[in-house]
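Here's the structure we're looking at; comments come further down.
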Amino acid sequence: MSIGNVVSKHRENSALAIVIMIFATMLLACAVLLITVRGNARPEGLEMVNHALIGCSVVGVLLFAAAFYIRRGVWLLGTEGVQGPSAREWPYREIAETCQFYRHGMPVGLAWRKTGSQEWGSVNAQLSGYRRFMDTLMQGYLQTRAPILIDELERGRTLEFKVIGAMGQLQKNFVLGIDTYLKVSTETIQLSQYALSFGNDEVRIADIVAMDVSAWTSRISFSLRDGTTKRLAYTALFDAQMLLALLEELVARKV
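Each number in the working numbering comes from the position in the sequence shown (counting from 1) with 2 added on.
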């Protein structure tokens, strides 16, 4: 197994399954209640009680079965990668890009793809232990890939990151989840060892005094030596955590 030692297991649709099981439990409780009152029912109402009893019992059992069925997909997180329900594996060293999907400033979807592939693996907040899954995957990815990319930057390579543009912002209004979010229109920003270029702006690494990601504005703010501030939409970025990690390392090296 190329994902190393398994550190956690996560099931799909966990939150939805819990809601379904609660409803199924209520139906089965109704069935039990109908059993207790059936003996006192009048003859003309007995048939209706029996039908209600059978209906609650059957639907309750079916809902329980459905709840277990939709939780059958299991994701495994390892020390060196992640494995999906189909046993497909993504070692951290082979992940080229990630993307987080936000609702009201909260991350509710995570996707990633391998180098040289446009096929994405993805999960959403319905996954059991989603926050732990997201944090562990991103930590493993950043620790593995960031040093490699820093080395490439210092050898003169310019890295490209995607950010949702004006058209993509309109398309976001119709996005239902991470899979459709990945298809919105994007623009490209560039990072070299000397500067970050986005739109008509350029932020030189040597001029950055401080960086801040605000939960209120969902933007990265760059405080520059000349007293000005430039901003970049954080939640509109693909691979935002990697970009921020690279910037922090480049700034530290310049200092």
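Glycine included, every Cβ here is placed at the ideal spot set by N, Cα and C.
Problem set entry | Ordered list of alpha helix (DSSP H) runs contained in the region 177-229, each at least 4 residues | 180-183
For this session: Could you tell me the distance, in whole angstroms, from the CA atom of residue 102 to the CA atom of residue 239?
Result: 8 Å
For this session: Classify residue 212 as buried or exposed, calling it buried when 16 or more other Cβ atoms lie within 10 Å of its own Cβ.
Result: exposed
Problem set entry | Cβ-Cβ distance between residue 98 and residue 117 below 7 Å | yes
For this session: Just the C-alpha distance for residue 67 and residue 33, rounded to the nearest angstrom, thanks.
Result: 17 Å
For this session: Specify the secondary structure class of residue 115 as computed by DSSP and reduced to three states.
Result: strand
Exercise. Shortest alpha-carbon distance to residue 201 belongs to which of 175, 168, 181, 132?
Worked result: 168
Exercise. Between which two residues does the beta strand (DSSP E) harbouring residue 100 extend?
Worked result: 97-105
Exercise. To the nearest angstrom, how far is it from the Cα of residue 244 to the Cα of residue 250?
Worked result: 10 Å
For this session: Tell me residue 93's beta-bridge partners as DSSP assigns them.
Result: 83
Exercise. Straight-line CA distance for residue 23 to residue 234?
Worked result: 43 Å
For this session: Let me know the secondary structure DSSP gives residue 49 once reduced to three states.
Result: helix
Problem set entry | C-beta atoms of residue 85 and residue 180 nearer than 7 Å | no
Exercise. Do the CB positions of residue 61 and residue 29 come within less than 7 Å of each other?
Worked result: yes
For this session: Measure the Cβ-Cβ separation of residue 80 and residue 7 and say whether it is below 7 Å.
Result: yes
Exercise. In this structure, what does DSSP give as the bridge partners for residue 163?
Worked result: 191
Exercise. Apart from the five residues just before and just after residue 11, which ones in its own chain have a Cβ nearer than 7 Å to its Cβ?
Worked result: 76, 78
Exercise. Nearest-angstrom Cα distance between residue 164 and residue 188?
Worked result: 6 Å
Exercise. Which residue from 96, 162, 58 puts its Cα closest to that of residue 192?
Worked result: 162
Exercise. Which residues mark the beginning and the end of the beta strand (DSSP E) in which residue 231 is found?
Worked result: 231-235
Problem set entry | Endpoints, the alpha helix (DSSP H) within which residue 255 is located | 242-256
For this session: Compare the Cα-Cα distances from residue 114 to each of 65, 91, 154, 130 and report the closest residue.
Result: 91
For this session: Would you mind reading off the limits of the beta strand (DSSP E) that contains residue 123?
Result: 122-126
Exercise. For residue 108, which residues does DSSP report across the bridge?
Worked result: 105
Exercise. Exposed or buried, which one is residue 35 when buried takes at least 16 other CB atoms within 10 Å?
Worked result: exposed
Exercise. Can you tell which of 215, 226, 231 has the C-alpha that lies nearest to the C-alpha of residue 242?
Worked result: 215
Exercise. How far does the alpha helix (DSSP H) with residue 133 in it reach, from first residue to last?
Worked result: 132-156
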